[in-house]
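A.B. asks: Here it is, the structure in full.
In this note's numbering, the protein residues as written are 31 to 240.
What follows is the structure in structure tokens.
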């Protein structure tokens with residue numbers, strides 16, 4: 031128990047025949063869709079729904095049980111194979127658009143329909159490095175993407191393209207020498223890893239990203 035709540039494991043997901051085949055690398059839950067999406071280490075995305083007492087769960091059915099929840103079971107609804115060439119690093123569900131947005135180590139961002147898994151849009155990072163963070167701006171139907179070089183891109187749904195890009199930060203050295211080389215060399219830590227949006231009084235222009 032923690033802070034008055036009891037955490038109970040209701041189910042364990044196994045994505046492959048063994049843990050050495052593939053493993054879960056990212057996941058996203060949608061309360062309104064009653065759906066769980068799980069990205070794995072080989073670029074697939076699995077979609078799960080929840081059944082309560084043997085039937086497809088709904089928000090109303092789950093909420094009315096209060097502190098005595100029904101018997102819940104995660105049921106795989108489908109597997110979207112080879113969404114990415116490498117492992118999925120982040121997942122985001124945009125319920126207002128029925129989108130599932132995923133980032134991957136293969137330096138791509140993929141957008142799929144949340145219910146069917148059908149293709150919406152794919153694009154590569156032109157700087158040939160993985161995206162490190164994403165944030166959907168519902169106000170203007172745009173996606174903010176950050177990467178390890180410190181750049182932030184703005185992808186617009188209306189035009190299906192990157193409409194703005196700017197470098198906001200510079201990667202920093204981790205200060206640890208590489209023991210496998212004679213000369214000192216340090217790894218670069220990602221310049222931007224998290225994106226957040228704040229509605230401030232002076233940010234009233236819907237087309238202002240930076």
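Glycine is no exception: its CB is placed at the ideal position from the N, C-alpha and C atoms.
From which residue to which residue does the beta strand (DSSP E) around residue 72 run?
C.D. replies: If you number the chain shown from 1, residue 72 lands on position 42. Careful: residue 72 lies outside any beta strand (DSSP E) and carries neither H nor E.
A.B. asks: Just to confirm the assignment, what range does the beta strand (DSSP E) spanning residue 58 have?
C.D. replies: Position 28 of the chain shown, counting from 1, holds the residue named residue 58. Run containing residue 58: 54-60, per the beta strand (DSSP E) assignment.
A.B. asks: Quick one: is residue 152 buried, meaning 16 or more other Cβ sit within 10 Å of its Cβ, or exposed?
C.D. replies: Translated into positions along the chain shown, residue 152 becomes position 122. Its Cβ having fewer than 16 others within 10 Å, residue 152 is exposed.
A.B. asks: Are the Cβ atoms of residue 73 and residue 57 separated by less than 8 Å?
C.D. replies: Numbered from its first residue, the chain shown carries residue 73 at position 43. Numbered from its first residue, the chain shown carries residue 57 at position 27. Result no, Cβ atoms of residue 73 and residue 57 do not sit closer than 8 Å.
A.B. asks: Three Cβ pairs or more, each shorter than 8 Å: is that satisfied between the segment 109-119 and the segment 131-141?
C.D. replies: Cβ pair count under 8 Å is three or more, so yes.
A.B. asks: Could you say which of 66, 67, 71 lies nearest to residue 51 if we only look at CA atoms?
C.D. replies: Position 21 of the chain shown, counting from 1, holds the residue named residue 51. When only C-alpha atoms are compared, the closest one is 71.
A.B. asks: Can you give me the Cβ contacts of residue 164 inside the same chain, cut-off strictly under 8 Å, excluding the 5 residues immediately before and after it?
C.D. replies: The count along the chain shown starts at 1 and reaches residue 164 at position 134. Only 120, 122, 131, 133, 139, 173, 174, 175, 176, 225 meet the Cβ criterion.
A.B. asks: Using 8 Å for Cβ pairs, my map puts residue 171 next to residue 146. What's the rounded Cβ distance?
C.D. replies: Counting from one through the chain shown, the residue named residue 171 turns up at place 141. Counting from one through the chain shown, the residue named residue 146 turns up at place 116. At roughly 20 Å, the Cβ-Cβ gap does not stay under 8 Å, so residue 171 and residue 146 are not in contact.
A.B. asks: Which class does residue 181 belong to by DSSP, given the choice of helix, strand or coil?
C.D. replies: Here the question's residue 181 lines up with position 151 in the chain shown. Of the three classes helix, strand and coil, the one that applies to residue 181 here is strand, per DSSP.
A.B. asks: Please indicate yes or no: does the CB of residue 36 lie closer than 7 Å to some heavy atom of the ligand SAM?
C.D. replies: Summarising the ligand content, the structure contains no ligands, and the ligand SAM is consequently not present.
A.B. asks: Let me know if residue 181 comes out buried or exposed under the rule of 16 or more other beta-carbons within 10 Å of its beta-carbon.
C.D. replies: The residue labelled residue 181 in the question sits at position 151 within the chain shown. Buried.
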